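Undergrad: Going by my numbering, the residue at position 3 of the sequence shown is 75; the numbering climbs one at a time, nothing skipped.
For each residue, glycine too, the CB sits at the ideal point set by N, CA and C.
Since we're looking at a predicted model, the values are computed, not measured.
I'd like to ask some things about the structure below.
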Amino acid sequence: MCKHEIIGDFYRGCGHFHGRYYTGETFDCNNDLCKTSRAHRHKTANNCGCQEVVIEERRIQNMFQIPFPECQRTSR
73 MCKHEIIGDF YRGCGHFHGR YYTGETFDCN NDLCKTSRAH RHKTANNCGC
123 QEVVIEERRI QNMFQIPFPE CQRTSR
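Now the structure itself:
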């Protein structure tokens, strides 16, 4: 499956990655059954049965030593 680059924050306190935005950069897998690939065989079909799985290529913009706020609330 293709990988889509996402920029976000990493919280070392709990290991949580919080994605902020996708950059638009795609690492193409060249698989003809992948909907997001340029090699997709059903380019013009409206309802093809191919999987649309987005695999994130994570890039850390900020690193925090504390847990993510949602994780702090559940652990208390």
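Whose C-beta lies closer than 6 Å to the C-beta of Glu-97 among residues of the same chain, with five residues either side of it excluded?
TA: So the list reads Glu-77, once near-sequence residues are dropped.
Undergrad: Ignore the nearest five residues each way along the sequence and tell me which others in Ala-117's own chain have a CB closer than 6 Å to its CB.
TA: So the list is empty, once near-sequence residues are dropped.
Undergrad: Output the distance between the C-alpha atoms of His-112 and Glu-124, rounded to the nearest integer angstrom.
TA: Cα-Cα distance, rounded: 11 Å.
Undergrad: According to DSSP, is Arg-145 helix, strand or coil?
TA: Three-state result, Arg-145: helix.
Undergrad: Classify Phe-140 as helix, strand or coil using the three-state DSSP reduction.
TA: Phe-140 falls in the coil class under three-state DSSP.
Undergrad: Measuring CB to CB, does Lys-94 end up less than 8 Å from Phe-140?
TA: The identity of residue 94 in the sequence shown is Tyr, whereas the question assumes Lys. For Tyr-94 and Phe-140, no; Cβs fall outside 8 Å.
Undergrad: Which of helix, strand or coil does DSSP assign to Thr-108?
TA: Residue state, collapsed to three classes: coil.
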